[in-house]
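One structure is given below, encoded as structure tokens.
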Amino acid sequence: MNIRLVAFGIAKDILRQREMTLDFSGQSIFDLRQQLFSSYPEFARLKTISFAVHDSYQDDAFLLTESDEVVLIPPVSGG
Amino acid sequence: MNIRLVAFGIAKDILRQREMTLDFSGQSIFDLRQQLFSSYPEFARLKTISFAVHDSYQDDAFLLTESDEVVLIPPVSGG
Amino acid sequence: MACKIDIQVVEEELSAAQCEAHVTDDGAGGTVVFIGTVRNQTQGKEVKRLEFEAYRPMAIKEMEKIAHHIAQVWDAIAISMHHRVGVLQIQEAAVIIAVSTPHRVAAFAACQYAIDTLKETVPIWKKEIFSDGEIWVAAHP
Amino acid sequence: MACKIDIQVVEEELSAAQCEAHVTDDGAGGTVVFIGTVRNQTQGKEVKRLEFEAYRPMAIKEMEKIAHHIAQVWDAIAISMHHRVGVLQIQEAAVIIAVSTPHRVAAFAACQYAIDTLKETVPIWKKEIFSDGEIWVAAHP
Numbered sequence: 711m712n713i714r715l716v717a718f719g720i721a722k723d724i725l726r727q728r729e730m731t732l733d734f735s736g737q738s739i740f741d742l743r744q745q746l747f748s749s750y751p752e753f754a755r756l757k758t759i760s761f762a763v764h765d766s767y768q769d770d771a772f773l774l775t776e777s778d779e780v781v782l783i784p785p786v787s788g789g
Numbered sequence: 711m712n713i714r715l716v717a718f719g720i721a722k723d724i725l726r727q728r729e730m731t732l733d734f735s736g737q738s739i740f741d742l743r744q745q746l747f748s749s750y751p752e753f754a755r756l757k758t759i760s761f762a763v764h765d766s767y768q769d770d771a772f773l774l775t776e777s778d779e780v781v782l783i784p785p786v787s788g789g
Numbered sequence: 004m005a006c007k008i009d010i011q012v013v014e015e016e017l018s019a020a021q022c023e024a025h026v027t028d029d030g031a032g033g034t035v036v037f038i039g040t041v042r043n044q045t046q047g048k049e050v051k052r053l054e055f056e057a058y059r060p061m062a063i064k065e066m067e068k069i070a071h072h073i074a075q076v077w078d079a080i081a082i083s084m085h086h087r088v089g090v091l092q093i094q095e096a097a098v099i100i101a102v103s104t105p106h107r108v109a110a111f112a113a114c115q116y117a118i119d120t121l122k123e124t125v126p127i128w129k130k131e132i133f134s135d136g137e138i139w140v141a142a143h144p
Numbered sequence: 004m005a006c007k008i009d010i011q012v013v014e015e016e017l018s019a020a021q022c023e024a025h026v027t028d029d030g031a032g033g034t035v036v037f038i039g040t041v042r043n044q045t046q047g048k049e050v051k052r053l054e055f056e057a058y059r060p061m062a063i064k065e066m067e068k069i070a071h072h073i074a075q076v077w078d079a080i081a082i083s084m085h086h087r088v089g090v091l092q093i094q095e096a097a098v099i100i101a102v103s104t105p106h107r108v109a110a111f112a113a114c115q116y117a118i119d120t121l122k123e124t125v126p127i128w129k130k131e132i133f134s135d136g137e138i139w140v141a142a143h144p
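Chains as they are written, first to last, in this note's numbering: chain D, 711 to 789; chain S, 711 to 789; chain C, 4 to 144; chain H, 4 to 144.
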């Protein structure tokens, strides 16, 4: 299925773009994490990488559906 | 000996004046405390009463000398 | 009593006076304000300027969570949280948080909780720009 | 590094902006400001206005002691402590304390120490005026 990715901070630098459509072969956030780590090994070097759907943090068990928009949230550093 | 008293807050209300000369029959701050409590019983009803000489708090053992200026400091409540 | 909440994520220069005005209240005994400014150096290395970016809708949502928690736990009268995004020069304020409460001890605790939690949960990212490169703060272990 | 200290006991309206401007510094990462305002009631009883009086030379000396302690213990960059005296209306600020430090945790601790200690040691007295009388705060047990 296709999902939309939106990336901020260093995640945007790693993807080299703010938004992209990903041909996603898995089901959960866990699967997405694996796919991203495999396609973009730099993600594995980050302290953490979190994911948000519908403006809320979601854990690895969260199941994605076609055309979901997933926001990539590297370690925050506001303030 | 004569000493000068300067009073603030409720201490001024008790003495009914900001400054006065006291005919002091003792030697220490302790003696002054006793004399004031005896002449102005309202002082005994305060939570505390402290004394300052030369802009510093002094304890009961402090010895006064002629023409010292003693500041009466009832419980502070700034801020 | 309802807590007055004012959350902003803006590009413009922040104003402590504006945050303080929001939290002023007849019943307030203490107001604590935190102002986070851009330092001129990180571990001895000179910082030229900073860039902040936010995932705005979620940043506001997470800041609102913090405000509601404060309202409940510390009985706050009013809370103002402003975060700036875009390019910031040294000494400029990146974040201002003001909290007013009936008694002062609660205002200190609430304001400290707000900035500590903001730094952990709110999707905002800071990039430090040096003369010889730039770095996304806290991204790597 | 020398800490910039600004102590004032004045009759005029206080300005948080003035205190904040004093503590602004290139090396500051966090500034915490405490604003103590006049509440509209004490234990449910309506307060009309307040009057503060200070034993000025000693008040300044005791405030300086607090500032020096903060400079030493928390490595503060700058401290501003302003206390107002005279007649104050509800909502007006009686005291403003601003502290800037390289890292924020110290600024919270230092500012809280400053207001806690000021309330214990600085010879300033507050009289609350009600519609049916007045009282020197904290005078009696």
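No residue lacks a Cβ here, since even glycine has one placed at the ideal position from N, Cα and C.
Assuming contact is defined by CB atoms lying nearer than 8 Å, are C:Cys6 and C:Ile80 in contact in what I supplied? Result yes, Cβ atoms of C:Cys6 and C:Ile80 sit closer than 8 Å.
Of the residues that make up the region 55-78 of chain H, which ones have a beta carbon closer than 8 Å to any beta carbon in chain S? Taking 8 Å as the Cβ-Cβ cut-off against chain S, the residues of the region 55-78 of chain H that qualify are Phe55, Glu56, Ala57, Tyr58, Pro60, Met61, Ala62, Lys64.
Grab me the residues of H:Glu65's own chain with a C-beta within less than 6 Å of its C-beta, minus the 5 sequence neighbours each way, in chain order. Annotation for H:Glu65: Thr124, Val125 place their beta carbon closer than 6 Å to its own, counting only its chain and skipping 5 residues before and after.
3 or more residues per run - each beta strand (DSSP E) lying fully within the region 738-788 of chain S: Listed in chain order, the complete beta strand (DSSP E) runs (minimum 3 residues) inside the region 738-788 of chain S are 760-763, 766-768, 779-783.
Same chain, Cβ closer than 8 Å to H:Ile118, neighbours up to 5 away in sequence not counted: Cβ neighbours of H:Ile118 within its own chain (closer than 8 Å, five residues either side excluded): Phe37, Gly39, Val98, Ile100.
Are three or more beta carbon pairs between the region 128-135 of chain C and the region 8-22 of chain C nearer than 8 Å? When Cβ pairs closer than 8 Å are counted between the two stretches, the region 128-135 of chain C is seen not to touch the region 8-22 of chain C, the count staying below three.
Output the distance between the C-alpha atoms of H:Lys68 and H:Gln115, rounded to the nearest integer angstrom. Near 15 Å, if we compare the C-alpha coordinates of H:Gln115 and H:Lys68.
Whole-angstrom Cβ separation of H:Val35 and H:His86, contact assumed at under 8 Å? For a cut-off of 8 Å, the C-beta gap from H:Val35 to H:His86 is around 17 Å, too long to register as a contact.
What three-state label does DSSP hand C:Gln21 in the structure shown? Here C:Gln21 sits in helix by DSSP.
Cβ distance (whole Å) where S:Ile739 is taken to contact S:Gln768 below 8 Å: Indeed, because the Cβ distance is near 6 Å, the residues count as touching under 8 Å.
Where C:Arg107 meets chain H, residues with beta-carbon distance less than 8 Å: Neighbours of C:Arg107 on chain H, chain order: Phe37, Gly39, Ile118.
Quick one: what's got a C-beta closer than 8 Å to S:Glu752's C-beta in the same chain, skipping five residues either side? These residues qualify, in order along the chain: Ile724.
Does the Cβ of S:His853 have 16 or more other Cβ atoms within 10 Å, making it buried, or fewer, making it exposed? Missing from the structure shown is residue 853 of chain S; chain S here goes from 711 to 789 and no further.
Compare the C-beta of C:Val140 with all C-beta atoms of chain D and state if any pair is closer than 8 Å. At a cut-off of 8 Å between beta carbons, C:Val140 contacts chain D.
Counting only C-beta atoms, is S:Val763 closer than 8 Å to chain H at any point? At least 8 Å separates the CB of S:Val763 from every CB of chain H.
So, is the C-beta of H:Ala97 closer than 8 Å to a C-beta in chain S? H:Ala97 counts as touching chain S.
What three-state label does DSSP hand H:Met66 in the structure shown? DSSP places H:Met66 in helix when its eight states are reduced to three.
Beta carbon of S:Asp733, beta carbon of S:Asn712: below 8 Å? Yes, these two residues count as a Cβ contact at 8 Å.
Restricting to Cα atoms, I'd like to know which of H:Gly47, H:Lys51, H:Arg42, H:Glu137 is closest to H:Ala96. Of the candidates H:Gly47, H:Lys51, H:Arg42, H:Glu137, the one whose C-alpha sits nearest the C-alpha of H:Ala96 is H:Arg42.
Can you list the residues of chain C that H:Glu146 reaches, using a CB-CB cut of under 9 Å? This structure leaves residue 146 of chain H out entirely; chain H is present only between 4 and 144.
Determine the closest residue to C:Ala141 out of D:Tyr750, D:Ile759, D:Thr731, D:Ser777, with distance taken between C-alpha atoms. Looking at the Cα atoms, D:Ile759 is the closest of the given residues.
If we count Cβ pairs, one from each stretch, closer than 8 Å, do we get three or more for the region 775-788 of chain D versus the region 716-723 of chain D? By the criterion of at least three beta-carbon pairs nearer than 8 Å, the region 775-788 of chain D is in contact with the region 716-723 of chain D.
On the criterion of 16 or more Cβ atoms from any shown chain inside 10 Å, does D:Tyr750 qualify as buried, or is it exposed? The residue is exposed, with fewer than 16 neighbouring Cβ atoms inside 10 Å.
Consult DSSP for C:Ala79 and reduce its assignment to one of helix, strand or coil. The answer is coil: DSSP assigns C:Ala79 none of H, G, I, E or B.
Name, going along the chain, the residues of the region 733-753 of chain S whose beta-carbon falls closer than 7 Å to a beta-carbon of chain H. With the criterion set as a beta carbon lying under 7 Å from some beta carbon of chain H, the region 733-753 of chain S has no members that meet it.
May I have the straight-line CA-CA distance separating C:Gly89 from D:Arg728, to the nearest angstrom? Whole-angstrom Cα-Cα distance: 16 Å.
Give me whichever residues DSSP pairs with C:Lys48 in a beta bridge. BP columns for C:Lys48 point to C:Thr45.
Could you work out which residues of chain C lie near D:Phe718, taking near to mean beta carbons separated by less than 7 Å? Neighbours of D:Phe718 in chain C, taken as residues at a C-beta separation under 7 Å, are given in chain order as Glu56, Tyr58, Pro126, Trp128.
Just checking my contact of S:Lys722 with H:His143 at CB under 8 Å: how many whole Å lie between their CB atoms? In fact, because the Cβ distance is near 16 Å, the residues do not count as touching under 8 Å.
H:Ala101 by DSSP, collapsed to three states: which one? DSSP places H:Ala101 in the strand class (E or B) of the three-state scheme.
Return helix, strand or coil for H:Ile38, following the three-state DSSP convention. Three-state DSSP puts H:Ile38 in a strand.
So who's on the other strand from C:Phe133, going by DSSP bridges? Paired residues: C:Gly136.
Within chain D, the residues that C:Lys122 reaches when beta carbons sit closer than 8 Å: Ordered by position in chain D, the residues that pass the 8 Å Cβ test against C:Lys122 are Val786, Ser787, Gly788, Gly789.
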